[in-house]
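Note that the sequence shown covers residues -3 to 71 in my numbering.
These notes concern the structure reproduced below.
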Amino acid sequence: MVHLKINNKQIIIFYTIKGSTIKKVILFDIVLGTAIYYALEMISSSTIIATIGSLIGTEGVKKLRRPINGRIIPV
């Protein structure tokens, strides 16, 4: 993280994120979302319910993976 001051009034903050972290998050969303989608589609035979369930399911798992004492606890 880098702090830059411009004109002593504005602060610009740069965050750097590793490419591997982005790949892990995207891959996690794609794999988990697809699995939940197909499971719900087989159960309910409804594309709309499967789509909504997939969205809610991936967001729910992300909320469960919150850091505890600086460490992420996998689910």
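Cβ coordinates follow ideal geometry from the N, Cα and C atoms, glycine included.
Quick caveat: nothing in here was measured; it's all calculated off a predicted structure.
8 angstroms Cβ cutoff, residue i in contact with chain C
i: ALA31; result: Structure shown: chain C not included; a single protein chain is present.
Beta-carbon contacts of residue i that lie in its chain and below 7 angstroms, excluding the five residues immediately before and after
i: GLY49; result: ILE32 and LEU36
i: SER40; result: ALA46
i: THR43; result: GLU37
Close beta carbons around residue i, own chain, < 8 angstroms, minus the five adjacent residues each side
i: ASP25; result: THR54
i: LYS58; result: none
i: TYR34; result: ALA46
i: LEU51; result: GLY29
i: VAL21; result: none
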